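Only one structure is covered here, and it is reproduced in the block below.
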Amino acid sequence: MTRNWFEQGGGNYAAHRPDYPAELGAELARIAPRRGTAVDVGCGTGQLTGLLAEHFTHVIGVDPGEDQLAHAAPARGVDYAHGTAEDLPVADGRADLVTAAQAAHWFDLPAFYTQARRIAAPGAVLALISYGVVEVEPGLRERFERFYWREIGPFWPPERRLVETGYRDIDFPFPQVPVAALSIRRSWPLDALLGYLGT
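The sequence shown lines up with residues 824 to 1022 when you count with our numbering.
Here's what the structure looks like:
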C-alpha cells in the first residue's frame, strides 16, 4: 500500500459508503470456479465482504485500517483480518475469489498481484471493482463537478486517477473475464452525500 489513508474514520465510512448491488455478488459467484473461500482485500468496513458471504462458504476481509475493521459489519462465515494487500494474512492456495473493491488504486500493484497469485486456488478469479466518481442529479451536477475537478481535484493523490477512469487504465496482467457493467443508484439527502464525500 502506498499510504494508509483510512487508519481513522471507520464509523463515517461504515455510515456513508454505498453498499454494492446484489447482482455483483451473484456475478462474482458465477465466474468463480468454486464457492469456497473469497478474500476481500482492502475491505474497509465490509461493504462488499458481507455481500460475498451470501454466496461463499467463507469470506476473509483484509484491511490495514484497525478503525475500519472495528466498524466492519459482522456476517455469517466472515472473518476480518488486519493486513495489507502486499502481505496478505491468508494461506497459500486458499482463495477461489480475490476482490478489491474501490481499493486497488491504493495498492502497490505488483506486490499485490504476487500475493494474489500466492493465495489463489487453481482457476481462482481476481476482481478489481470500482464505482468511479459519483454522479449527481442535473440540478447539482455543475456545482459538484466544479467542486470535485477544480476545487479539490488538484489535491487528490495521483492514484485517485484510476478511480476516475473506473479502473479501465489499471495495470492488470491477467486474462480478463467480460462481465456486465453494473451501477449503484441511491437517493441521498444532502447530508448523506456530504457524509460520503467526507470519506
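For every residue, glycine included, the Cβ atom is placed at its ideal position computed from N, Cα and C. Remember, predicted model here, so these are calculated numbers, not experimental data.
(1) Using alpha carbons as the reference points, say which of A876, T868, P977, R940 lies closest to R917.
(2) Work out the CA separation of P980 and L847 for me, nearest whole Å.
(3) Quick one: Cα of T880 to Cα of L851, how far?
(4) Can you tell me whether D915 is buried or exposed? The criterion is at least 16 other CB atoms within 10 Å of its CB, across all chains shown.
(5) Could you please give the first and the last residue of the uninterrupted alpha helix (DSSP H) stretch that includes D890?
(6) Identify, in the order they occur along the chain, each residue of the same chain with its Cβ nearer than 7 Å to the Cβ of E877, setting aside the five sequence neighbours on each side.
(7) Could you give the first and the last residue of the continuous beta strand (DSSP E) run that contains G946?
(8) Is it buried or exposed for A947, if we count other Cβ within 10 angstroms and need 16 for buried?
(9) Within the chosen definition, does the stretch 917 to 932 reach the stretch 890 to 903 through at least 3 CB pairs nearer than 8 Å?
(10) Taking just the CA atoms, how far does I993 sit from R964?
(11) In whole angstroms, what is the alpha-carbon distance linking L1017 and Y843?
(12) To the nearest angstrom, how far is it from the Cα of R983 to the Cα of P977?
(13) With distances taken from CA atoms, which of P933, L892, L949 is nearest V1000?
(14) If you run the structure through DSSP and keep just helix, strand and coil, what is H878?
(15) So what's G955 in DSSP terms, helix, strand or just coil?
(16) Which residue marks the beginning of the beta strand (DSSP E) containing V901, and which one marks its end?
Working from what's here:
(1) R940
(2) 28 Å
(3) 14 Å
(4) exposed
(5) 889 to 893
(6) G848
(7) G946 -> beta strand (DSSP E) spans 943 to 952.
(8) Result: buried.
(9) no
(10) 27 Å
(11) Each residue's Cα considered, the two are about 19 Å apart.
(12) 11 Å
(13) L949
(14) coil
(15) coil
(16) 901 to 905
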